[in-house]
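Per the UniProt record's numbering, residue 1 is the first one in the sequence shown, and the count goes up by one each step.
C-beta atoms are modelled at their ideal positions from N, C-alpha and C, and glycine is treated no differently.
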Amino acid sequence: MGVVKLRVAICGGGPGGLAHACALAKYSDISVNIYESAAKFSPFGAGIGIWPRAWNVLCALGLGEDMAKITSVPSTSGTGPFHSSTVLALNTDCPSVPQSILVHSFSFRKSDQSNGFTFGNMYSRGPLLTFHRAQFQEVLLQHLPPSCRIHHSKRLKSYSQGRHGGPIRLSFEDGTHATCDVLVGADGIKSAVRNCLLQEYAEVSRDNGQLTGEQKISPRKEYVSWAGSIAYRALIPVERLMEDCDKGLLVLPTTPTMYIGTDVHMIVYPVSKGKVVNLVLFQFQPESQGIPYHGPWSKEVDESEIFNVARFDSWEPEVKRWLKYVRKPTKWAIHMVVDLPTFISGHAVLIGDAAHSCSPHQGTGAGQAIEDAYFLAELLGDPRTTLNTLTQALKVYDKFRRPWTQETGAKAMANCRYFTLHYDDFDFVHADAATVTQKLHDLTDLMIDEWKWCWTTTVEDSLKLALSQLQDICMPDSEAM
Numbered sequence: 001m002g003v004v005k006l007r008v009a010i011c012g013g014g015p016g017g018l019a020h021a022c023a024l025a026k027y028s029d030i031s032v033n034i035y036e037s038a039a040k041f042s043p044f045g046a047g048i049g050i051w052p053r054a055w056n057v058l059c060a061l062g063l064g065e066d067m068a069k070i071t072s073v074p075s076t077s078g079t080g081p082f083h084s085s086t087v088l089a090l091n092t093d094c095p096s097v098p099q100s101i102l103v104h105s106f107s108f109r110k111s112d113q114s115n116g117f118t119f120g121n122m123y124s125r126g127p128l129l130t131f132h133r134a135q136f137q138e139v140l141l142q143h144l145p146p147s148c149r150i151h152h153s154k155r156l157k158s159y160s161q162g163r164h165g166g167p168i169r170l171s172f173e174d175g176t177h178a179t180c181d182v183l184v185g186a187d188g189i190k191s192a193v194r195n196c197l198l199q200e201y202a203e204v205s206r207d208n209g210q211l212t213g214e215q216k217i218s219p220r221k222e223y224v225s226w227a228g229s230i231a232y233r234a235l236i237p238v239e240r241l242m243e244d245c246d247k248g249l250l251v252l253p254t255t256p257t258m259y260i261g262t263d264v265h266m267i268v269y270p271v272s273k274g275k276v277v278n279l280v281l282f283q284f285q286p287e288s289q290g291i292p293y294h295g296p297w298s299k300e301v302d303e304s305e306i307f308n309v310a311r312f313d314s315w316e317p318e319v320k321r322w323l324k325y326v327r328k329p330t331k332w333a334i335h336m337v338v339d340l341p342t343f344i345s346g347h348a349v350l351i352g353d354a355a356h357s358c359s360p361h362q363g364t365g366a367g368q369a370i371e372d373a374y375f376l377a378e379l380l381g382d383p384r385t386t387l388n389t390l391t392q393a394l395k396v397y398d399k400f401r402r403p404w405t406q407e408t409g410a411k412a413m414a415n416c417r418y419f420t421l422h423y424d425d426f427d428f429v430h431a432d433a434a435t436v437t438q439k440l441h442d443l444t445d446l447m448i449d450e451w452k453w454c455w456t457t458t459v460e461d462s463l464k465l466a467l468s469q470l471q472d473i474c475m476p477d478s479e480a481m
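Okay, here's the thing in structure tokens:
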């Protein structure tokens with residue numbers, strides 16, 4: 001490595017943090033250190049989904065070919081894990097999503113009755129690709145440049161930086177310290193970087209006489225809110241399902257299937273190239289949304305607990321067959337980050353769940369973290385970004401990514417309500433069948449309309465505008481004269 005213009009420290013080795021390191025790899029004048037709180041990367045994890053918008057980012061980072069090898073869309077073409085005629089084209093070095101091809105990406109069933117039925121199907125321009133989180137993380141690790149250093153067992157306690165620039169000093173729980181020019185908080189929903197950043201933001205707002213900033217955020221404010229939703233997650237090896245599959249009692253999903261009922265819904269989809277089924281059962285308590293959640297946010301529970309979620313004896317048989325295969329699910333209390341007034345303070349910046357953790361009901365959490373990682377890397381790597389212009393570059397990131405991710409987070413939370421039949425104040429339990437069916441069709445149209453940004457838009461559109469604004473802000477004196 002030659003002359004280094006920026007020293008970047010990434011707190012957190014999840015998808016967002018690792019993707020950011022991968023995105024910075026092409027910039028030889030940026031050094032990268034990753035500080036991960038865990039002693040080692042875990043081989044465990046649930047499923048994650050990547051829509052075409054985020055898939056295009058992975059391809060731009062050179063990750064597409066290796067990611068294609070671990071996804072769960074079955075192949076019938078013999079060219080890889082994708083069906084080239086209907087899903088993804090493999091005629092380039094990186095699988096790309098043909099924008100003219102509609103793919104069946106979701107099925108919606110009304111399931112809280114004995115005679116369940118499919119009321120809607122969603123078709124997208126390119127598929128929802130599903131992955132096992134640990135395998136996804138492993139591909140990211142394989143693509144880190146040799147110059148990137150990973151430090152394990154490094155849980156951030158706090159950081160400090162001068163009001164007028166200078167290095168950032170990181171303090172870790174083990175008593176050690178490090179310095180950097182840019183601190184990237186990719187440390188998840190319980191982010192230590194976020195807590196320090198927002199406290200710093202409040203203090204600066206107060207000192208500058210910006211009372212609105214202090215009113216929006218204070219050191220005592222809660223930045224995380226319970227969504228009122230509980231999820232039970234389980235991974236089921238396909239070989240355990242074969243007896244019912246051979247009898248025609250279950251059909252292995254090739255695309256996600258959503259089983260919907262009042263206050264409860266369940267999703268099943270394949271991961272690990274179809275060798276495992278990811279099952280998640282959600283219980284939504286709208287009256288509990290925003291109140292404090294008492295108890296651990298995640299823990300393993302006995303499978304008998306899931307049968308207390310609803311009276312499944314009145315649900316369609318298919319749901320009950322899926323549930324009988326669940327063993328030792330992980331119970332998650334779904335929390336979200338409230339809409340923050342900033343993602344930046346000085347030379348510290350938030351990405352991914354640390355900035356905008358949302359409900360999982362559009363399958364976009366990992367994708368938005370990857371977009372953040374790429375967007376920020378392109379701004380940091382731009383030749384106009386130097387230590388002198390770094391603050392301006394981070395302001396451009398905040399201007400574009402914060403409103404976008406907060407808007408998409410609101411759409412994900414809306415899906416949580418729709419999937420549990422909280423729609424238009426309609427009584428799905430007591431209304432006649434014809435009216436229920438019409439309402440479900442209306443609901444499907446609404447969900448698709450709110451979801452289509454995942455395949456009809458690209459991050460490149462906003463990135464071009466951001467880089468143009470960066471150019472205007474950081475125009476060299478010689479050009480400005």
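Rounded C-alpha distance that separates F131 from I70 = Pairing F131 with I70, the inter-Cα distance amounts to about 7 Å.
request  = Measure the alpha-carbon distance for R163 versus T179 and round it to whole angstroms.
outcome  = Rounded to whole angstroms, R163 and T179 show a C-alpha spacing of 16 Å.
query = Where does C474 fall in DSSP's three states?
reply = The answer is coil: DSSP assigns C474 none of H, G, I, E or B.
request  = State the DSSP-derived secondary structure class of H20, mapped to helix, strand or coil.
outcome  = H20: helix per DSSP, three-state reduction.
ask   = So A333 and W226 are in contact, right, with Cβ under 8 Å, and what is the actual spacing, rounded?
value = Right, their Cβ atoms sit about 6 Å apart.
query = Given that a residue counts as buried once 16 or more other Cβ atoms are within 10 Å of its Cβ, and exposed if not, what is Q283?
reply = With 16 or more Cβ atoms within 10 Å of its Cβ, Q283 is classed as buried.
ask   = Can we say the region 356-372 touches the region 246-255, given the rule of at least three CB pairs closer than 8 Å?
value = Flag = no, the region 356-372 and the region 246-255 do not touch.
ask   = How do the region 297-312 and the region 431-451 stand: do at least 3 beta-carbon pairs fall below 8 Å, yes or no?
value = Proximity of the region 297-312 to the region 431-451 falls short of the contact definition, fewer than three beta-carbon pairs being nearer than 8 Å.
query = Going along the chain, which residues of its own chain have a beta-carbon closer than 7 Å to the beta-carbon of K110, five neighbours each way excluded?
reply = Taking K110 as the centre and dropping the five residues before and after it, the same chain places the C-beta of G116, F117, F119, I260 and L440 closer than 7 Å to its C-beta, in chain order.
ask   = Got a sec? Which residues, its chain only, sit under 8 Å from F172 by beta carbon, not counting five neighbours each side?
value = By the criterion of a C-beta distance shorter than 8 Å, F172 is surrounded in its chain by Y35, K154, R155, L156, K157 and A178, once the five residues flanking it on both sides are discounted.
message = Does the contact criterion of 3 or more C-beta pairs under 8 Å hold for the region 407-414 versus the region 182-193?
response = Taking 8 Å as the limit for Cβ pairs, the verdict is that the region 182-193 does not touch the region 407-414.
task = Using the Cα positions of V251 and D313, report the straight-line distance between them to the nearest angstrom.
result = Rounded to whole angstroms, V251 to D313 spans 20 Å at the Cα level.
task = Kindly indicate which three-state DSSP category G185 falls into: helix, strand or coil?
result = In the structure shown, G185 sits in a strand (DSSP, three-state: E or B).
request  = Determine the direct distance from the alpha carbon of K399 to that of L380, and round the result to whole angstroms.
outcome  = Distance from the CA atom of L380 to the CA atom of K399, rounded to whole angstroms, is 15 Å.
ask   = Residues in its own chain within less than 6 Å of L421 by CB, not counting five upstream and five downstream?
value = Excluding the 5 residues flanking it on each side, L421 has same chain C-beta neighbours closer than 6 Å at T262 and F428, in chain order.
inquiry  = Could you tell me the alpha carbon to alpha carbon distance between D93 and Q210, rounded to whole angstroms?
reply    = Low per-residue confidence applies at D93: pLDDT is 41, beneath 50, and the placement is therefore not dependable, though the value from the model is reported in the following sentence. The alpha-carbon atoms of D93 and Q210 are separated by roughly 51 Å.
query = Going straight from the alpha carbon of T254 to that of T389, what length do you get?
reply = T254 and T389: Cα-Cα distance of roughly 48 Å.
inquiry  = Our contact map puts Y159 next to A348 with C-beta atoms below 8 Å; I'd like the distance itself, whole angstroms only.
reply    = Sure, about 7 Å apart at Cβ, within 8 Å.
Which of helix, strand or coil DSSP assigns to residue 484 = The structure shown does not extend to residue 484, since the chain is modelled only from 1 to 481, so the question has no answer here.
query = If you draw a straight line from the alpha carbon of S462 to that of C454, how long is it in whole angstroms?
reply = Going from the Cα of S462 to the Cα of C454 covers about 14 Å.
ask   = Is the beta carbon of R233 less than 7 Å from the beta carbon of T330?
value = Cβ atoms of R233 and T330: closer than 7 Å.
For F307, the three-state DSSP class (helix, strand or coil) = Per DSSP, reduced to three states, the secondary structure at F307 is helical.
inquiry  = Within 10 Å of its beta-carbon, does residue 482 have 16 or more other beta-carbons around it, so buried, or fewer, so exposed?
reply    = Because the chain in this structure spans residues 1 to 481, residue 482 falls outside the shown range and cannot be described.
With 16 other Cβ atoms within 10 Å as the buried cut-off, status of G13 = So G13 ends up on the buried side.
query = Which one of P286, C22 and A21 has the shortest CA to CA distance from D425?
reply = Measuring from the Cα of D425, the nearest candidate turns out to be P286.
ask   = Between which two residues does the alpha helix (DSSP H) harbouring Y418 extend?
value = For Y418, the enclosing alpha helix (DSSP H) begins and ends at L390 to F419.
ask   = Would the region 132-145 and the region 456-474 be scored as touching if the rule is three or more Cβ pairs under 8 Å?
value = In the pairwise beta carbon analysis, the region 132-145 is classified as not touching the region 456-474: fewer than three pairs are separated by under 8 Å.
L6 and D181 closer than 7 Å at C-beta = Their beta carbons are under 7 Å apart, which means L6 touches D181 by this criterion.
query = Taking the alpha-carbon positions, what's the A38 to I150 distance?
reply = The alpha-carbon separation between A38 and I150 amounts to approximately 11 Å.
request  = Select from A21, S28, D372 and A310 the residue whose C-alpha is nearest the C-alpha of P403.
outcome  = Among A21, S28, D372 and A310, the Cα nearest to that of P403 is on D372.
inquiry  = Need the endpoints of the beta strand (DSSP E) that A9 sits in, please.
reply    = Its beta strand (DSSP E) spans residues L6 to C11.
message = If the criterion is Cβ atoms closer than 7 Å, does the pair V337 and V184 meet it?
response = Going by beta carbons, V337 and V184 fall outside the 7 Å limit.
key: Continuous alpha helix (DSSP H) stretch holding W322: start and end   = Annotation: the continuous alpha helix (DSSP H) that includes W322 extends over P317 to L323.
request  = Specify the secondary structure class of V139 as computed by DSSP and reduced to three states.
outcome  = V139: helix per DSSP, three-state reduction.
key: Under 7 Å between C-beta atoms of L18 and L170   = Going by C-beta atoms, L18 is not nearer than 7 Å to L170.
ask   = If you compare alpha carbons, which of L323, E222, L102 and E203 is closest to Y293?
value = Selected option, being the one with the closest Cα: E222.
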